[in-house]
Structure formats: structure tokens, C-alpha cells
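Student:
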Amino acid sequence: MPTTSQQRSSGPTLREVLPHKGYFRLLLVSGLVGVPVSLAAFGVVNLEHELQQWVRESLPETLGHHQAPWW
Numbered sequence: 011m012p013t014t015s016q017q018r019s020s021g022p023t024l025r026e027v028l029p030h031k032g033y034f035r036l037l038l039v040s041g042l043v044g045v046p047v048s049l050a051a052f053g054v055v056n057l058e059h060e061l062q063q064w065v066r067e068s069l070p071e072t073l074g075h076h077q078a079p080w081w
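Per the numbering used here, residue 11 is the first one in the sequence shown, and the count goes up by one each step.
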């Protein structure tokens, strides 16, 4: 029966992975993809908020209603 240290040695350790150039390239690509995607997601949420405000407040006034319907 293998000991605990033999079971853990089946894959690379964190100390072996971190210094590799491939790991840093992966981090760089993740950042280059993640930042624009997060900004786009923020923009979508902001647009949704603005559309809700427009539909609930400005649109009824534009259509001639003085107050929002009870529902």
C-alpha cells in the first residue's frame, strides 16, 4: 500500500508549475481576455439599468401618462 507522500507525487506540485513560462503566458492570456469581458459585462448591466429607468419613468411620461399604472 503506498504511503501518503507517494500518493501526492502523482502530479506536479505548485512549486514546479509556477516558474514555467507557459504558466505566465496562460495568466497573461487570461488577463487579456478577462478584462475586456468583464468590462463588456459591466456595460451590459449598466445598459439594462438605464433601459429599466427609461421604461419605468420616461416612457410613460412621453406617452402622455401622468403616473405609472397600479400594476
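We put the beta carbon where it would ideally sit given N, CA and C, even for glycine.
1) My output table needs one value for G21: the three-state DSSP class, helix, strand or coil.
2) Would you tell me roughly how many angstroms separate the C-alpha atoms of Q62 and V47, rounded to the nearest one?
3) In its own chain, which residues sit with a C-beta less than 6 Å from the C-beta of Y33, not counting the 5 before and 5 after it?
Tutor: Inspection of the coordinates gives the following:
1) In the three-state scheme derived from DSSP, where H, G and I count as helix and E and B as strand, G21 is classed as coil.
2) Roughly 23 Å separates the two Cα atoms.
3) Contacts found: V27.
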